[in-house]
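This report refers to the structure that appears directly beneath it.
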Amino acid sequence: MTPFDPAVGLLTALALRTGIIAVTLLAWRRSSVARSVAFLGSTIASVMTGLTAATVLRASSSVHGVLLMHRASGFSLSYTVDGLSAWFLIVLSVVAVPIALFSIGYVGHPHFARRSAFVGIVFNVLVGAVELVFAAADAITFLFAWELMTLTTAALVATEHEERVNRRAAYQYLVMSHVGTGCLMAGFLILAAASGSVSFSALLAGDLVSAPARDALFALFFLGFGVKAGVIPLHVWLPEAHPAAPTSISALMSGVLIKAGIYGLVRVCAFGLGTPRLSWGVFVVASGGLSAVLGVLYALMQHDLKRLLAYHSIENIGIILLGLGAGMMSLAYGRRDVASIGIVASLYHVLNHAVFKGLLFLGAGGVVMATGTRQIEQFGGLLRRMPWTGLFFLVGAMAISGLPPLNGFASEWLTFQAFLFGFRSSAEPLVHLLFPIGGALLALTTALAAACFVKAFGISFLALPRSRAAADAQESPAVMLVPQAFLAALCVGLGLFPGVVVRVLGGAMATLPGLQPQAAIAADSLGLALGLGSFDHVAPVVLGAAMLGGFAVATWVTMRAGAVVRRVPTWGCGGELTARTEYTATAFSKPLMMIFRAVYRPTREVEALAEVSPYFPREVRYRAEIEPTFERYVYGPLLRAVLRMAEGMKVLQAGSLHTYLAYVIVLVVTLVLMVWWRG
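Each residue of the sequence shown is one higher than the one before, starting from 16 at the first, in the numbering used here.
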């Protein structure tokens with residue numbers, strides 16, 4: 016008998032959130048009380064959810080239950096926590112706990128004080144909805160939780176609704192999310208008609224429909240889940256919504272909310288429609304590669320720190336899809352061992368991205384609170400003024416760049432291995448072409464991500480302050496630093512001990528049919544061995560020890576040689592060093608803009624202000640913009656077509672009650688005739 020009963024753990028967590036919401040409502044006018052109750056209570060509830068998931072994974076079992084039932088109608092909301100659900104619930108809990116604690120300080124800032132109760136209540140509803148999405152046992156419960164998650168996210172995006180840009184971001188998110196929800200509803204209805212049930216155990220049993228219908232279902236579900244995940248070209252809501260929301264909410268959206276889309280892709284598209292077809296895996300790899308490369312390229316051009324991080328979320332969703340697609344392709348041609356590597360890499364990166372992106376957003380939140388701006392060009396010199404925030408942000412930047420021995424390296428290494436062994440294990444010409452391309456795109460993405468975070472960290476935290484706000488910045492309070500320290504420690508721990516993570520993932524993989532993780536990956540506490548060829552073993556803890564050892568030896572040699580450290584003014588070419596002489600974010604990005612100008616299609620404007628001669632300008636103003644390709648060439652024509660169609664349908668809205676009644680009568684008669692004909 017387990018010390019913690021998972022059968023009631025999730026129910027208790029959801030019930031606790033309901034009580035938290037009620038108490039927060041009662042304390043609405045007392046912002047400090049409402050804030051503490053909402054976020055401390057959410058922390059406790061998330062810990063209970065995490066314990067439930069950990070118990071399920073440890074026991075390699077599943078938990079079933081009913082949340083709500085109406086006996087007369089037969090309507091019910093039911094849940095099942097199996098291995099895959101438990102993994103995503105652990106990801107949610109690991110991130111939701113530090114975000115809730117961080118929010119106590121962040122939402123307590125005078126800027127948010129009058130909205131503390133609102134943010135706390137909607138935060139709890141959102142986290143509860145995501146928990147239910149991951150644990151839903153049937154399509155009705157899933158769609159109910161999915162819609163609740165969508166509405167609460169939109170409300171939080173529009174928290175500062177006085178600004179038009181925030182209202183527009185929330186509206187754009189709602190429109191795109193509901194298009195995706197429509198695709199999901201259509202897909203579930205088709206499966207329900209074929210299976211005669213709405214339970215996932217029946218809906219996702221495998222080959223319920225013909226091959227062409229399976230392709231159509233895959234397309235519907237990929238569109239529905241892809242919108243939420245932010246897959247390019249379904250991503251346009253994401254870089255607008257993340258900067259608009261409070262930063263702690265941005266961390267939750269990037270760390271967990273978009274992973275709901277990944278959960279659906281794994282649960283339904285990869286393993287719920289029967290054995291994946293090779294074309295599905297090819298499409299997922301292509302979508303992942305496009306999202307990864309374009310996501311990081313667009314991030315490089317951003318000077319709004321939160322918008323930069325939002326585009327990196329698109330990049331990392333692409334990396335997750337690369338691993339998932341490699342696994343699906345391997346399943347299609349029967350290599351279950353290679354498929355297991357790709358799926359493990361994908362799920363491992365789900366956790367890693369949640370941790371380091373949560374850390375980066377929380378660090379950005381501290382910087383934004385201290386300076387009052389999101390513009391990187393207005394920062395500079397923050398490491399001296401905010402040393403702990405700078406240190407934690409640096410850890411997150413190194414992790415997202417895939418540097419060993421941090422966690423981003425471990426999952427990206429596994430993704431590389433999936434492409435390497437996939438290439439070697441198949442004679443299919445298409446596979447031989449796509450696996451090397453996928454690996455090359457991943458390598459390019461990793462290099463560009465490192466370049467982007469050299470800019471993000473270097474321009475923001477080093478050199479001299481570029482504004483009065485940066486010069487006056489002060490370190491965040493402890494309640495905001497401790498959650499960042501926790502996530503930074505996780506970045507190190509998850510990277511040093513990947514074997515522990517992969518062993519835990521074994522419980523999640525057990526619920527996915529057709530995989531052989533034990534045959535493909537041998538995991539111990541210190542490293543991973545794939546057993547499929549040479550160069551297939553990695554031990555990040557050894558890499559970390561070697562790096563520390565090298566640093567210690569260099570320090571010892573320097574001290575033994577009696578080297579004297581001199582502190583002298585930085586040489587400024589004979590002139591005075593000021594913030595105006597520093598390297599800017601724009602200058603840093605310029606070479607890459609020129610290299611990838613076919614993607615960016617940039618426009619620029621240069622204005623020289625001179626008093627005596629144009630050859631001796633007093634000031635040069637430079638402005639560069641990149642073309643919003645998808646907005647202009649995909650969504651622009653689509654929106655205009657919808658507006659034209661709506662304009663044409665206005666003739667039906669005649670304003671006559673008799674006409675509207677006639678429409679109803681015609682519709683009823685048509686439905687009766689359809690029922691009679693089928694009967």
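For every residue, glycine included, the Cβ atom is placed at its ideal position computed from N, Cα and C.
- Excluding its 5 nearest sequence neighbours in each direction, Phe117 has C-beta neighbours in its own chain below 8 Å: Ser263, Ala266, Leu377, Gly380, Val494, Met495, Pro498 and Gln499, listed in chain order.
- For Arg612, the enclosing alpha helix (DSSP H) starts and ends at Arg612 to Tyr615.
- DSSP lists no bridge partner for His124.
- Ranking Val81, Gly80 and Ala30 by CA distance to the CA of Gly56 puts Ala30 first.
- A straight line joining the alpha-carbon of Met84 with that of Ala307 spans about 43 Å.
- Excluding the 5 residues flanking it on each side, Pro261 has same chain C-beta neighbours closer than 6 Å at Thr174, in chain order.
- Excluding its 5 nearest sequence neighbours in each direction, Val148 has C-beta neighbours in its own chain below 8 Å: Phe157, Ala160, Trp161, Met164, Ala275 and Tyr278, listed in chain order.
- If you check the CB distance, Ser269 and His250 do not come in under 9 Å.
- Here the alpha carbons of Leu293 and Tyr348 stand approximately 7 Å from one another.
- Around the beta carbon of Met562, fewer than 16 other beta carbons lie within 10 angstroms, which makes this residue exposed.
- Within a 10 Å sphere around the beta-carbon of Met191 sit 16 or more other beta-carbons, which makes this residue buried.
- Taking a contact as a CB-CB distance under 8 Å, the pair Ala464 and Gly510 does not count as one, their CB atoms being some 16 Å apart.
- In this structure the region 333 to 341 does not touch the region 619 to 635; the number of beta carbon pairs closer than 8 Å is below three.
- Separation of the CB atoms of Arg389 and Lys321 is rounded to 5 Å, and the pair is thereby assigned contact status at 8 Å.
- Taking C-alpha positions only, Arg350 is separated from Ser361 by approximately 17 Å.
- Inclusion of Val109 and Leu520 in the CB contact set at 9 Å is not warranted, their separation being larger than that value.
- The closest CA to that of Ala285, considering only Ser355, Gln317 and Met316, is found on Ser355.
- Cα atoms of Ser46 and Ala128: separation of roughly 6 Å, rounded to the nearest angstrom.
- Every unbroken stretch of the alpha helix (DSSP H) spanning 4 or more residues and falling wholly within the region 549 to 594 is given here in chain order: 555 to 575.
- Using a 10 angstroms sphere on the CB of Asp153, the tally of other CB atoms reaches 16 or more, which defines it as buried.
- In the DSSP secondary-structure assignment, Thr618 is bridged to Glu640.
- Look at Met316 here: in three-state DSSP terms it is coil, with no helix or strand label.
- With 16 or more other CB atoms across the displayed protein chains lying within 10 angstroms of its CB, Ala369 is buried.
- Apart from sequence neighbours up to five positions away, the residues of its chain that approach Arg229 with a beta-carbon distance below 6 Å are Leu288, ordered along the chain.
- Comparing C-alpha distances from Ala525 to each of Arg73, Ala37, Pro254 and Ser225 shows the shortest one belongs to Arg73.
- CA-CA distance, Val627 to Arg595, rounds to 21 Å.
- In the structure shown, Leu477 adopts coil according to DSSP, grouped into three states.
- Two segments are said to touch when three or more pairs of C-beta atoms, one from each, lie closer than 8 Å; by this definition the region 176 to 183 does not touch the region 199 to 214.
- Residues of the same chain with a CB within less than 6 Å of the CB of Leu502, apart from the 5 flanking positions on each side, are Pro113, Val370, Gly373 and Leu374 in chain order.
- Our two residues, Pro248 and Ala560, have alpha carbons roughly 42 Å apart in a direct line.
- Counting along the chain, no alpha helix (DSSP H) covers Val96; the unbroken beta strand (DSSP E) around it starts and ends at Phe90 to Val96.
- In terms of CA proximity to Ala414, Glu427 leads the group Ser210, Glu427, Leu309 and Gly221.
- Scanning its chain for C-beta atoms nearer than 6 Å, with the 5 sequence neighbours on each side dropped, one finds around Gly221 the residues Gly289, in chain order.
- According to the DSSP assignment, Val410 belongs to the alpha helix (DSSP H) that extends over Pro402 to Ile415.
- Looking from the CA of Tyr94, the closest CA among Ser210, Gly24, Gly120 and Phe133 belongs to Gly24.
- Considering only Ile36, Ile641, Leu607 and Arg638, the residue with the shortest C-alpha distance to Ala462 is Leu607.
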